[in-house]
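K.L.:
Okay, so the sequence shown: first residue is 758 according to this note's numbering, each after it adds one.
Ideal Cβ placement from N, Cα and C applies to all residues, glycine included.
Quick one: the structure is below, and I'll ask about it shortly.
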Amino acid sequence: MGRLLSPKLSYLLLSLLALACGDTRGGPASPPPVPVVVARVEQRPVERKVKALGTVESVHVVRLTPQVDGQLLSVHFGEGDRIEQGQLLFRIDPRPFENLLRQREAALQRDLAELRIAEAEAKRRAALFEQGFVSAEEHEQAQSRAESLRALVAADRAAVDDARLQLSYCSIYAPVTGRAGQVFVHPGNIVRKNDTVLATVQQMHPIRIAFAAREGDLAQILQQAERGALVSEVSPLQDGATVLRGRVDFVDNTVQRSTGTILLKATFDNLHELLWPGQFLPVELVLEEISSALVVPRVALQTGQQGLYVFVLQPDNTVRVREVSVAFELDGDVVVATGLQPGEWVVTEGQIRLTDGARVEVKERRTASPPA
């Protein structure tokens, strides 16, 4: 009887085992959505800029030197003063030059008197010569003396003009409007013609900033310069609030081999004298102005085997991989050339756990940085 029960017992055990195991046809549970932060693809005007360190320099720097020798009598301005073109700055003792002028004027008057006599004599001899009362030699001598005195008077007049010019050099006037620097010679000292530097004057308005740009930007720099549209910006107070715009009016004719850069100079209005010669300031060169650019945060970019890509949020809260190309970078953002449309949302945080088609949970929505 034990052998009759064995098959039944085996069947029962197998049935119980099947019931205990249950239905094993169901798949594994779906992974939870990945928390992410997304940013909107913004469409707005932007400027492509390159940054450099510039040096402020005066357009006109004048070294004031005397044009005559003499004793310095007086200084008519204070060190660091703002001075106007034509303003009296220095006086050199004029007395030696006044005496020289009087001497040359006296010589001119003496020779003028002799010339009048000689011309009258030459006229009288000419009349007598025509009547045959004097010889040709006497006539020619009279004419020659008159001509000689005319040349002497002309030389006297030139000497008088030169003496007046030398006298005028005793007063030194400002050749440009600007700021006076340090006074190097004080009253009582002897100054030498074209040798002694008395002071310097720096023109403050307009003013220039010299800076260097990369060789790689040269083609675009020349293109913009040809159109007269190459501008640069500087914040003289370095607070970002006060920004001056200048026009680049000098592009050097040589790229420096050692640095791979080219020298540029931009001219700025400086009515309030916020820029000072010798300052070092950050300069931004505007290479391009785009009226409608697509901008996303730089952190949205990922790098793969095919190049740059982003994760684009879909309406069903999944993400798709989208290859993109970048035109250039802004501060914290990038301008996208291809691959995106305005108004789309790209993932900026949480990409490390994402794959193409992954489900996400949006924790925060942001916009790109506002234009500066």
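1. Spatial neighbours of Ala1084 within its chain, please: CB distance less than 6 angstroms, with the 5 preceding and 5 following residues excluded, ordered by chain position.
2. Counting along the chain, where does the alpha helix (DSSP H) carrying Asn856 start and finish?
3. Quick check on the DSSP output: the alpha helix (DSSP H) that includes Asp918 runs from which residue to which?
4. How about Thr1103 and Val791: are their beta carbons less than 8 angstroms apart?
5. Within 10 angstroms of the Cβ of Ala877, are there 16 or more other Cβ atoms? Answer buried if so, exposed if not.
6. Which word fits Ala1050, buried or exposed, when buried means at least 16 other C-beta atoms lie within 10 angstroms of its C-beta?
7. Do the region 900-914 and the region 797-804 make contact, defined as three or more Cβ pairs closer than 8 angstroms?
8. Please look up how many angstroms separate the CB atoms of Leu1038 and Pro993, rounded, as I've assumed it's under 8 angstroms.
9. Have a look at Ser901 and Arg882 and give me their C-alpha separation to the nearest angstrom.
10. Return the residue from the list Phe886, Ala884, His962 and Phe854 that minimises the CA-CA distance to Leu922.
11. So the beta strand (DSSP E) Leu1051 belongs to, where does it begin and stop?
12. How is Gly1064 classed by DSSP in three states: helix, strand or coil?
13. Give me the residue from Glu1106, Arg1077, Val1081 and Tyr930 with the minimum Cα distance to Glu841.
14. With DSSP collapsed to three states, give me the class of Gln960.
15. Mind checking Asp868: buried by the 16 CB within 10 Å criterion, or exposed?
16. If you follow the beta strand (DSSP E) that Gln977 is in, where does it begin and where does it stop?
17. What first and last residue would you give for the beta strand (DSSP E) that runs through Gln1013?
18. What do you get for Ser989, buried or exposed, if any count of 16 or more other CB atoms within 10 angstroms of its CB means buried?
19. Check whether the Cβ atoms of Val1012 and Asn1074 lie closer than 8 angstroms to each other.
20. Specify, as a first and last residue, the run of the beta strand (DSSP E) that Ile1019 falls within.
21. With a CB to CB cut of under 7 angstroms and the five nearest residues on each side skipped, what residues in its chain are close to Gln1063?
22. State the beta-bridge partners of Ala969 as determined by DSSP.
23. Thinking C-beta only, is Arg936 closer than 8 angstroms to Asp826?
24. If contact is defined by three or more beta carbon pairs under 8 angstroms, each pair taking one atom from either stretch, is the region 960-967 in contact with the region 1022-1041?
25. Could you tell me the alpha carbon to alpha carbon distance between Arg848 and Val832, rounded to whole angstroms?
26. What's the C-alpha gap between Val1078 and Glu1041?
27. With respect to the beta strand (DSSP E) encompassing Lys950, which residues constitute its N-terminal and C-terminal limits?
28. According to DSSP, what are the bridge partners of Phe847?
29. Quick one: grab the DSSP three-state call for Gln1108.
30. Run through DSSP, which three-state label would Ala1094 get?
31. Kindly indicate which three-state DSSP category Ala1057 falls into: helix, strand or coil?
32. Roughly how many angstroms lie between the CA atoms of Leu821 and Val958, to the nearest whole one?
33. Output the distance between the C-alpha atoms of Glu1121 and Val793, rounded to the nearest integer angstrom.
34. Can you check whether the CB of Gly1003 is closer than 8 angstroms to the CB of Ala976?
35. If we ignore side chains and look at the alpha-carbon of each, how far apart do Arg1123 and Glu972 end up?
36. With the cut-off set at 8 angstroms, would you say Ala911 and Arg861 are in Cβ contact?
P.N.:
According to the structure data:
1. Here the set comprises Val1092 and Ala1094.
2. It spans Arg852 to Gln888 - the alpha helix (DSSP H) in which Asn856 sits, taken as one unbroken run.
3. Ala893 to Ser925 is the span of the alpha helix (DSSP H), which, as asked, contains Asp918.
4. Note on identity: in this sequence residue 1103 is Val, with Thr being the wrong assignment. Val1103 places its beta carbon 8 angstroms or farther from that of Val791.
5. Ala877 should be labelled exposed.
6. In summary, Ala1050 is buried, with 16 or more beta-carbon neighbours lying within 10 Å of its beta-carbon over all protein chains present.
7. For the pair of segments examined, the region 900-914 was found not to touch the region 797-804: the number of CB pairs separated by less than 8 angstroms stays below three.
8. Between Pro993 and Leu1038 the Cβ distance is about 7 angstroms, and since that is below 8 angstroms, they are a contact.
9. Spanning the two alpha carbons is a distance of roughly 12 angstroms.
10. When each option's Cα is compared against that of Leu922, the closest is Phe854.
11. That run of the beta strand (DSSP E) goes Phe1037 to Pro1054.
12. Note: Gly1064 maps to strand in three-state DSSP.
13. Nearest in C-alpha terms to Glu841, of all of Glu1106, Arg1077, Val1081 and Tyr930, is Tyr930.
14. Of the three classes helix, strand and coil, the one that applies to Gln960 here is coil, per DSSP.
15. Within 10 angstroms of the beta-carbon of Asp868 lie 16 or more other beta-carbons, which makes it buried.
16. No beta strand (DSSP E) contains Gln977, which is instead part of the alpha helix (DSSP H) from Leu975 to Glu983.
17. Residues Leu1001 to Gln1013.
18. Buried is the call here.
19. In this structure, the beta-carbon distance from Val1012 to Asn1074 does not fall below 8 angstroms.
20. Element bounds for Ile1019: Thr1018 to Phe1025.
21. For Gln1063, where only same-chain residues beyond five positions count, the Cβ hits under 7 angstroms are Glu1080.
22. Among the bridge pairs identified by DSSP, Ala969 is matched with Leu1020.
23. Between Asp826 and Arg936, the CB-CB gap reaches or exceeds 8 angstroms.
24. Verdict: yes, contact present.
25. Cα to Cα, Arg848 sits roughly 7 angstroms from Val832.
26. About 35 angstroms.
27. Neither: Lys950 is in no beta strand (DSSP E) and is coded neither H nor E.
28. Note: Phe847 sits in a beta bridge opposite Val832 and Ile929.
29. Three-state DSSP puts Gln1108 in a helix.
30. Ala1094: strand per DSSP, three-state reduction.
31. Of the three classes helix, strand and coil, the one that applies to Ala1057 here is helix, per DSSP.
32. The alpha-carbon atoms of Leu821 and Val958 are separated by roughly 8 angstroms.
33. Those two C-alpha atoms are separated by around 7 angstroms.
34. It is not a contact, given that the beta carbons lie outside the stated cut-off.
35. Those two C-alpha atoms are separated by around 37 angstroms.
36. In this structure, Arg861 does not lie closer than 8 angstroms to Ala911 by Cβ.
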